[in-house]
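**Q**
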Amino acid sequence: MSHPSLSPRRSLAALTLLIAAWLTACSNVAASAPSGSGESTVLSIVGYAVPAEANARIAEAWQQTPDGQDVTFETSYGASGDQSRNVLNGQPADYVHFSVESDVTRLVDGGLVSPDWKSGPNKGVVSTSVVVLAVRPGNPLGIKGWDDLIKPGVEIVTPNPASSGAARWNILAAWAHIAANGGSDAEATDFLKKLLGNAVALPGSGRDATTAFTSGTGDVFITYENEAILARQSGADFDYIVPDDTLLIENPGTVLIDAKPAATQWLDFVLSDQAQEIFGETGFRPLNGKAPARVEGANDPESPFPQPQRLYTIANDFGSWEELSKTFFAEQTGIVTQLLAELGKS
Amino acid sequence: MTGTALAPAPVIRDEVIVEPAPTAIRSVRAQPRYHRRLTAASGLGLGVAVLWLSLLVLIPLAAVVGTAVAGGPGAFWAALTAPQTLNAIGLTVAVAAGIALLNAVMGTIIAWVLVRDRFWGRGVLNVVIDIPFAMPTIVAGLVLLSLYGPRSPIGVNIANTRMSVALAIAFVTLPFVVRTVMPVLEELELDVEEAASSLGASSWVTFRRIVLPSLAPAITSGVALSFARGISEYGSLVLLTGNMPNRTEVVSVRVLSHIENGELGSAAAIATGMLVIALAVLATLDLVQRKAARHDS
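Sequence lines, in order, name chains A and B.
Convert by adding 29 to the 1-based position in the first sequence; the result is the number in this note's numbering.
Convert by adding 918 to the 1-based position in the second sequence; the result is the number in this note's numbering.
(1) If I'm right that Ala1022 (chain B) touches Ala1187 (chain B) with Cβ under 8 angstroms, what's the distance once you round it to whole angstroms?
(2) Can at least three beta-carbon pairs, one atom from the stretch 1169-1183 of chain B and one from the stretch 1149-1157 of chain B, be found at a separation below 8 angstroms?
(3) For Ala327 (chain A), count the other beta carbons within 10 Å of its own beta carbon; 16 or more makes it buried, fewer makes it exposed. Which is it?
(4) Keeping to the same chain, check which residues put their C-beta closer than 8 angstroms to that of Thr366 (chain A); ignore five residues upstream and five downstream.
(5) List, in order along the chain, the chain B residues whose C-beta lies closer than 7 angstroms to that of Asp447 (chain A)?
(6) What's the gap between the Cα of Ser113 (chain A) and the Cα of His1176 (chain B)?
(7) Starting from Pro1131 (chain B), trace the beta strand (DSSP E) both ways and give me its first and last residue.
(8) Using a Cβ-Cβ cut-off of less than 7 angstroms, give me the residues of the stretch 136-154 of chain A that come near chain B, in sequence order.
(9) Buried or exposed for Thr869 (chain B), please, with buried defined as at least 16 other CB atoms from any protein chain shown within 10 angstroms of its CB.
(10) Give me whichever residues DSSP pairs with Tyr77 (chain A) in a beta bridge.
(11) With a threshold of 16 other CB atoms inside 10 Å of the CB of Asp302 (chain A), please say whether the residue is buried or exposed.
(12) Taking Asn189 (chain A) as the query, report the chain B residues whose CB atoms sit under 8 angstroms from its CB, ordered along the chain.
(13) Against chain A, does Ala1196 (chain B) count as a neighbour if the rule is that its beta carbon must be under 8 angstroms from one of theirs?
(14) Using a cut-off of 8 angstroms between C-beta atoms, extract the partners of Arg1165 (chain B) located in chain A.
(15) Run through DSSP, which three-state label would Leu1200 (chain B) get?
(16) Please name the residue, chosen from B:Leu1203, B:Ser1184, B:Thr1202 and B:Ala1198, that lies closest to Thr1003 (chain B) on a Cα-to-Cα basis.
(17) Using the C-alpha atoms, what's the distance from Val1129 (chain B) back to Gly921 (chain B)?
(18) Tell me the rounded alpha-carbon separation between Gln1207 (chain B) and Thr1138 (chain B).
(19) Which word fits Val966 (chain B), buried or exposed, when buried means at least 16 other C-beta atoms lie within 10 angstroms of its C-beta?
(20) Taking only three categories from DSSP, how would you classify Glu279 (chain A)?
(21) Mind pulling the chain C residues with CB within less than 9 angstroms of Gly1067 (chain B)?
(22) Between Ile48 (chain A) and chain B, is the shortest Cβ-Cβ distance under 8 angstroms, so that the two count as touching?
(23) Just the chain B side, please: which residues come within less than 7 angstroms of Gly110 (chain A) by C-beta, in chain order?
(24) Using the C-alpha atoms, what's the distance from Asp99 (chain A) back to Ser64 (chain A)?
(25) Quick check on the DSSP output: the alpha helix (DSSP H) that includes Thr252 (chain A) runs from which residue to which?
(26) Using the C-alpha atoms, what's the distance from Asn345 (chain A) back to Asp177 (chain A)?
(27) How would you call Leu369 (chain A), buried or exposed, if buried means at least 16 neighbouring beta carbons within 10 angstroms?
(28) Are the C-beta atoms of Ala1186 (chain B) and some chain A residue less than 8 angstroms apart?
(29) What is the DSSP secondary structure of Thr187 (chain A), reduced to helix, strand or coil?
(30) My output table needs one value for Phe357 (chain A): the three-state DSSP class, helix, strand or coil.
(31) List the residues of chain B whose Cβ lies closer than 7 angstroms to the Cβ of Gly194 (chain A), in chain order.
(32) So, under 8 angstroms CB-CB, Gly153 (chain A) and Val133 (chain A) are touching, yes? Tell me the CB distance rounded to an integer number of Å.
(33) Can you find a CB in chain B that lies within less than 8 angstroms of the CB of Leu369 (chain A)?
(34) Rounded to the nearest angstrom, what separates Ala942 (chain B) and Leu1043 (chain B) at their Cα positions?
(35) Say whether chain A places a C-beta atom closer than 8 angstroms to the C-beta of Val1156 (chain B).
(36) Evaluate Pro232 (chain A) with the Cβ neighbour count: other Cβ atoms within 10 Å of its Cβ, from every protein chain shown; 16 or more gives buried, anything less gives exposed.
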């Protein structure tokens, strides 16, 4: 080669320097805080994917208040279980917002969250929703409630209750439909078996399932009301039905033991009427029961959150996440674990 | 072929006698020279290589195996042989192996076309080959779902079937054989093939007797990479295949389910099982390749 080039030794040295510089840069990312007024605080929010937009808008509103004006945010959103395990394994977090309580319990067990995190009036819950049934436009199959899901030929999409912790709300709602209405465990198990037998896809997460359904898979998609509303706000073309009886979804949020003091003020703001109204606008049911005047994407935007005749809760109908995790999802012995293991076998 | 043969003797093959072009074939198959004693520089090199490999691969692997056996042999075996898991392993390994073999054929054809033929758009095609490498796999799944799902514009719906598992794995492993074969094909000198055909060998015989033996090691390593990538695939599958237990569920989804449940031992047990399968397949491919090389010389 005749073109001028570095000697091998020099280029090796240059490469080494480059790698060293890059590694240094990588390790410094976490340490570098945005420069600004000296009092600036950075809060780390770690959460599951769905409330990302709501949290961003709530943060914006909070920054208009005296408490929040000097605070900036570092946010990380992903699958609820993954995010919880990341925090347990050292990802910095001041405030966490997960889909299911067991993801916070993991942090309590790890000594990162105070054991009395549920002692407040909100019992650790920062956002709520209900399980709903999304159907094709015009509801061609005439789906009204849970019993229609086990009719032969109805194709169901629901996120995989094994690999997605958040998806467990859906399967528990179906269980409660039988078990909380006087049915025996055997009858409820049989109902779940028929329902899962009609499943054509169990995508990896709630968002994956929404994508699969809006891409044409299945007739009915068991999902969360806020996810359905958010998808319709983004232009997805489907209808959804709030069954007469369904399960209340309660998403926990809390501050960590080592959190910066501003995190507690942030949590207070998240629970305020102002923040809950923002949750409402993105499809969550506000904790205070006051629905925003108008929620785009809801079946009836003027009356977005119809009250089901019967609303099951984890506390009333399942005891606690700890108990139900064992009963339904334990390795080998869990009811849902066993039903899934038998799927697809003739 | 031995490294000491400076002037290879003419090799007698079925139909033609060929003097191997020393640069072309030996550059591919000749044994590398090695030092019998480590010099200071090569000792340093070895040290860096082992340290780097340990930090990135060996120590994490040891941790996985350690977690897997921590629960005792009973738990390890139970996790690995649960019917749902066995079905997932069977499906994943069978599809990854089948697609790897398909890649051996299709990848070689694509490499051949890209190296030997000159046509309009060749440069573009050359870049397009790498897209499965560059694209986030979840995006690949999304694209495949919109093309071959229920709303397929071309009327092909294979979403949530086993075919979809094969399709996604074929997509993400496409570049491996192409990219391992192309440089070898570029190095091959045309003289040998011309000599063969001038001595009366048909183009098929020339390909089979002259070209293919030189390409075999590259194809084999491409197949190995493709298989290894296939059995570990997750992202492109979760949307497309529906993750139906015992039907379309792959191993990585089983592992993730165990992790979600906090059953780290079971997750590690399955990972260890897959590690053993992968090692067995890679070792077998290596043996086949060595045997073929010895047979050739």
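Just so it is clear, CB atoms sit at the ideal spot from N, CA and C, and this is done for glycine as well.
From a predicted model like this one, the values you see are computed outputs, not experimental measurements.
**A** With the given structure in hand:
(1) Ala1022 (chain B) to Ala1187 (chain B), Cβ: 31 angstroms. No contact.
(2) In short, these stretches touch, since the Cβ pair count reaches three.
(3) Classification of Ala327 (chain A): buried, given that the 10 Å Cβ count is 16 or more.
(4) Non-local beta-carbon contacts of Thr366 (chain A) in its own chain, meaning distances under 8 angstroms to residues more than five positions away in sequence, involve Ala191, Phe357, Phe358, Ala359 and Glu360 in chain order.
(5) Beyond the ends of chain A as shown, which are 30 and 375, falls residue 447 (chain A); an answer cannot be given.
(6) Using only the alpha carbons, I get a separation of about 15 angstroms.
(7) Note, Pro1131 (chain B): premise wrong, no beta strand (DSSP E); alpha helix (DSSP H) at Leu1130 to Ile1149.
(8) Residues passing the 7 angstroms Cβ filter: none.
(9) Chain B is shown from 919 up to 1215; residue 869 (chain B) falls before or after that span and cannot be answered.
(10) Looking at the DSSP output, Tyr77 (chain A) sits in a beta bridge with A:Gly107.
(11) Answer is exposed; the Cβ neighbour count stays below 16.
(12) Chain B residues near Asn189 (chain A): Asn1161, Val1171 and Ser1175.
(13) No, because no Cβ of chain A sits closer than 8 angstroms to the Cβ of Ala1196 (chain B).
(14) Within chain A, the residues placing a beta-carbon under 8 angstroms from that of Arg1165 (chain B) are Leu372 and Gly373, ordered along the chain.
(15) Helix.
(16) Comparing Cα positions, the closest option is B:Ser1184.
(17) Because the pLDDT of Gly921 (chain B) is 39, which lies under 50, any placement of that residue in the model is unreliable, and the question is left without a value.
(18) Straight through space, the alpha carbons of Thr1138 (chain B) and Gln1207 (chain B) are spaced by roughly 7 angstroms.
(19) The residue in question, Val966 (chain B), is exposed, as its Cβ has fewer than 16 Cβ neighbours within 10 Å.
(20) In the three-state reduction of the DSSP assignment, Glu279 (chain A) falls in the strand class.
(21) Among the chains of the structure shown, chain C does not appear; the protein chains present are A and B.
(22) No, its Cβ sits nowhere closer than 8 angstroms to a Cβ of chain B.
(23) In chain order: Glu1178.
(24) Below a pLDDT of 50, predicted positions are generally treated as unreliable, and Ser64 (chain A), at 41, falls in that range; the measurement from the model is reported next regardless. Approximately 12 angstroms, taken between the alpha carbons.
(25) The continuous stretches of alpha helix (DSSP H) do not include Thr252 (chain A), which lies in the beta strand (DSSP E) extending over residues Val249 to Tyr253.
(26) Spanning the two alpha carbons is a distance of roughly 25 angstroms.
(27) With 16 or more neighbouring CB atoms inside 10 Å of its own CB, Leu369 (chain A) falls in the buried class.
(28) Ala1186 (chain B) does not count as touching chain A.
(29) Thr187 (chain A): coil per DSSP, three-state reduction.
(30) In this structure, Phe357 (chain A) counts as helix in the three-state DSSP scheme.
(31) At a C-beta separation below 7 angstroms, Gly194 (chain A) has these neighbours in chain B: Glu1178.
(32) Between Gly153 (chain A) and Val133 (chain A), the beta carbon gap of about 7 angstroms places them in contact (Cβ cut-off 8 angstroms).
(33) Chain B contact via Cβ: present.
(34) Any reading at Ala942 (chain B) must be qualified, since the residue scores a pLDDT of 41, below 50, and its modelled position is unreliable; the value itself is stated next. One Cα belongs to Ala942 (chain B), the other to Leu1043 (chain B), and the distance between them is close to 26 angstroms.
(35) Yes, its Cβ sits closer than 8 angstroms to a Cβ of chain A.
(36) Buried, by the Cβ-count rule.
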